[in-house]
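Chains A and B supply the protein sequences, listed in that same order.
Start counting the first sequence at 1211; every next residue gets the next number (the numbering used here).
Start counting the second sequence at 1211; every next residue gets the next number (the numbering used here).
Every residue gets a Cβ at the ideal spot worked out from N, C-alpha and C, and that includes glycine.
Below: one structure, written as structure tokens.
2 protein chains.
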Amino acid sequence: MPETSIEKQQKTALGPTTGPEATREALIAAALDLFGANGFDATSTREIARRAGANIASIAYHFGGKEGLRQACAQSVRSQIDAIMASAFARSSPAIALPVRPDIAANMLEAIMGHVVRAVLISPDAARFVPFVLREINGHSPVLDTLYRDVMEPTHRRLCALWGAAIGAEPESEAVRLAVFAMVGQIIYFRIGSQIVTRRMGWSDYAASEADQIADTVCANLRASLQMYKTTDTGKERP
Amino acid sequence: MPETSIEKQQKTALGPTTGPEATREALIAAALDLFGANGFDATSTREIARRAGANIASIAYHFGGKEGLRQACAQSVRSQIDAIMASAFARSSPAIALPVRPDIAANMLEAIMGHVVRAVLISPDAARFVPFVLREINGHSPVLDTLYRDVMEPTHRRLCALWGAAIGAEPESEAVRLAVFAMVGQIIYFRIGSQIVTRRMGWSDYAASEADQIADTVCANLRASLQMYKTTDTGKERP
DNA sequence: GTCTATAAACAGATAGAC
DNA sequence: GTCTATCTGTTTATAGAC
Chain A
1211 MPETSIEKQQ KTALGPTTGP EATREALIAA ALDLFGANGF DATSTREIAR RAGANIASIA
1271 YHFGGKEGLR QACAQSVRSQ IDAIMASAFA RSSPAIALPV RPDIAANMLE AIMGHVVRAV
1331 LISPDAARFV PFVLREINGH SPVLDTLYRD VMEPTHRRLC ALWGAAIGAE PESEAVRLAV
1391 FAMVGQIIYF RIGSQIVTRR MGWSDYAASE ADQIADTVCA NLRASLQMYK TTDTGKERP
Chain B
1211 MPETSIEKQQ KTALGPTTGP EATREALIAA ALDLFGANGF DATSTREIAR RAGANIASIA
1271 YHFGGKEGLR QACAQSVRSQ IDAIMASAFA RSSPAIALPV RPDIAANMLE AIMGHVVRAV
1331 LISPDAARFV PFVLREINGH SPVLDTLYRD VMEPTHRRLC ALWGAAIGAE PESEAVRLAV
1391 FAMVGQIIYF RIGSQIVTRR MGWSDYAASE ADQIADTVCA NLRASLQMYK TTDTGKERP
């Protein structure tokens, strides 16, 4: 499909077309996939270009080099995670900014977690960028600082606010922060350990019904934990 | 320290000395570290040899090549995980093979999880081999089959047996298998996400007191989940 | 913007001295 | 067993044609 002129494309990472911007997006998608699967150093620019259907030199042209492509991947991941979390928070509640009632906060938490589980387990995008983020976290990568500050820390803080409201505890207390990590840790594990989980469960991969079962498990644990914290503590330690 | 003759060393991975076997162990330790941190393909044999204080050619001599070193690393990991789990199961109960009483099974589970959390978070060995295993799982590595069959599947099955006994449910039911994955997933996440957790908690790294706090969190979630399953799944009422 | 050709550095494996 | 030296292939980056 030859085109004489292509309008400047938006960089919302959701509109690839058939122009010079399309190769840029294709390169990022291929790089996210390969960086996540094999790691940054282990991935050759030739392989990225081949999978993206582009030329090797196009990487240097569009991103300045392999390292620039890594930065572009990190930015893409940030917008993808932001989109998932924005959608999850938006659907969890009509229009309330500061929920005070514990049962409302608990219901919001459960709705958010159920949404995130399904998005993280089913979406092909998440299957790509979660391994990428994992690699960047493990080796102390130059994009880790930005990723933590702009994505993980704000998201975790918002979840802590809900958790604290749900059980009537200080949102930034150590117990709440750790409990939220334990909750999201379950989701992350089901994503990165999918090879193990699917083998043990006899599944071929994660589809809708499998994600529903996992969401049920995670949400059940969430309810159990909230209920226990609510009954046992007033902001104190274990007996 | 020049030695004229060295006795043949045992391969129990726990007895490095100053002979030809010492370089073998040093190479495995260095490779585990680097494979886990940067990935198999991204790690050069030169870097491994340099960190191990050995020569590049020694890798080919001892393991036949880079791939042989990977296999040796997998075998080392298997024995390390076996040691942790054996210790955890041994300390959880005096000598009972088949616990039938639910409260005994629940207590065993809690003891095992507490032990595993501390071992996985504090032990420098675990900090090495967990990233290695993660890499091997993510990319479909040739050692994944063995690792799953010999380590993960049997361990998960034993935990399912305890979980089923604790709540009075079929150990191999889908709900129990997923619940066990959610439980161990928390532990794995705290290990692989340590860079995120420590930043958010304001910790420099995982020491004894930090591992204790995380163990408390995980064990509290375990108790909450077991209690909930016990009250909802079966007709039995807790005292 | 996209391509080919090439340069400079680095990879794993191996032969052979000791 | 351990070492040096070297072979062969691949890597990223870049120069320049179109």
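Quiz item: Taking the alpha carbon of C1283 of chain A as the point to measure from, which residue in A:P1312, A:P1352, A:V1310 has its own alpha carbon closest?
Solution: A:P1352
Quiz prompt | Beta carbon proximity, R1261 of chain B to chain A, threshold 8 angstroms | solution = no
Practice problem: Grab the span of the alpha helix (DSSP H) containing W1373 of chain A for me, first residue to last. | Solution: 1363-1377
Quiz item: Relative to chain B, which residues along the segment 1270-1281 of chain A have a C-beta separation below 8 angstroms, given in chain order?
Solution: none
Practice problem: Go ahead and pull the three-state DSSP assignment for V1310 of chain A. | Solution: coil
Quiz item: Does the beta-carbon distance from I1347 of chain A to G1403 of chain B come in below 8 angstroms?
Solution: yes
Quiz item: Using a C-beta to C-beta distance shorter than 7 angstroms, which residues of chain A count as neighbours of A1336 of chain B?
Solution: Near A1336 of chain B there are no residues of chain A at all, since even the closest Cβ is about 14 angstroms away, more than 7 angstroms.
Quiz prompt | Any chain B beta carbon closer than 8 angstroms to Q1400 of chain A | solution = Note that residue 1400 of chain A corresponds to Phe in the displayed sequence, not to Gln. For F1400 of chain A, the answer is yes, since a Cβ of chain B falls inside 8 angstroms of its Cβ.
Quiz item: Of the choices A:S1414, A:R1387, A:D1360, A:G1249, whose alpha-carbon is the least far from that of I1332 of chain A?
Solution: A:S1414
Practice problem: For chain A, find out if any of its Cβ atoms is closer than 8 angstroms to the Cβ of F1245 of chain B; answer yes or no. | Solution: no
Quiz item: So, using beta-carbon positions, are V1327 of chain B and A1392 of chain B closer together than 8 angstroms?
Solution: no
Quiz item: Given a threshold of 16 other Cβ atoms within 10 Å of its Cβ, counted over all protein chains shown, does V1343 of chain A qualify as buried or as exposed?
Solution: buried
Exercise. State buried or exposed for R1410 of chain A, treating a residue as buried only when at least 16 other CB atoms are found within 10 Å of its CB.
Key: buried
Practice problem: Can you grab the Cα-Cα spacing for the pair K1446 of chain B / M1318 of chain A, in whole Å? | Solution: For K1446 of chain B, the predicted model reports a pLDDT of 44, less than 50, meaning its position is unreliable; a value from the coordinates is still stated below. About 31 angstroms.
Quiz prompt | I1398 of chain B versus P1230 of chain A - alpha carbon distance | solution = 42 angstroms
Quiz prompt | Closest residue to M1362 of chain B among B:T1408, B:F1400, B:S1268, B:V1287 (Cα-Cα distance) | solution = B:V1287
Exercise. Could you have a look at N1248 of chain A and say whether DSSP puts it in helix, strand or coil?
Key: helix
Practice problem: Could you please give the first and the last residue of the uninterrupted alpha helix (DSSP H) stretch that includes A1284 of chain B? | Solution: 1276-1302
Quiz item: Per DSSP, what kind of secondary structure is H1350 of chain A in: helix, strand or coil?
Solution: coil
Self-check item: Interface flag, Q1396 of chain B vs chain A, CB-CB below 8 angstroms
Solution: yes
Quiz item: Taking the alpha-carbon positions, what's the L1237 of chain B to T1441 of chain B distance?
Solution: 52 angstroms
Exercise. Taking M1438 of chain B as the reference, give the member of B:E1380, B:Q1285, B:D1335, B:A1376 with the closest Cα.
Key: B:A1376
Exercise. For G1324 of chain A, decide whether its Cβ has a neighbour in chain B, counting only Cβ atoms nearer than 8 angstroms.
Key: no
Exercise. Could you tell me which of B:S1297, B:F1339, B:A1241 sits nearest to A1321 of chain B, measuring between CA atoms?
Key: B:S1297
Quiz prompt | For G1249 of chain A and G1246 of chain B, believed in contact at Cβ under 8 angstroms, the rounded distance | solution = G1246 of chain B to G1249 of chain A, Cβ: 11 angstroms. No contact.
Exercise. Could you check the C-alpha separation between E1213 of chain B and D1355 of chain B for me, to the nearest Å?
Key: Because the pLDDT of E1213 of chain B is 37, which lies under 50, any placement of that residue in the model is unreliable, and the number read from its coordinates should be weighed accordingly. Whole-angstrom Cα-Cα distance: 40 angstroms.
Practice problem: Flag P1341 of chain B as yes if its beta-carbon sits less than 8 angstroms from any beta-carbon of chain A, otherwise no. | Solution: yes
Quiz item: Closer than 8 angstroms, CB to CB, is E1384 of chain A near chain B or not?
Solution: yes
Quiz item: With 8 angstroms set as the bound, which would you pick, yes or no: does the beta-carbon of G1249 of chain B sit closer than that to a beta-carbon of chain A?
Solution: yes
Practice problem: Leaving out five residues on either side along the sequence, give the residues of the same chain with a beta carbon under 8 angstroms from the beta carbon of T1365 of chain A. | Solution: I1291, M1295
Self-check item: Contacts around A1223 of chain A, its chain only, beta-carbon distance under 6 angstroms, and the 5 residues preceding and following it disregarded
Solution: With a pLDDT of only 44 at A1223 of chain A, under 50, the local geometry of the prediction cannot be trusted, and no value is derived from it.
Quiz prompt | Nearest-angstrom beta carbon gap, R1359 of chain B and C1370 of chain B [assumed within contact, 8 angstroms] | solution = Contact doesn't hold; Cβ gap of about 16 angstroms is too wide.
Practice problem: Using a Cβ cut-off of 8 angstroms (strictly closer), state whether L1242 of chain B contacts chain A. | Solution: no
Quiz item: Can the beta-carbon of L1244 of chain A be found less than 8 angstroms from the beta-carbon of E1257 of chain A?
Solution: yes
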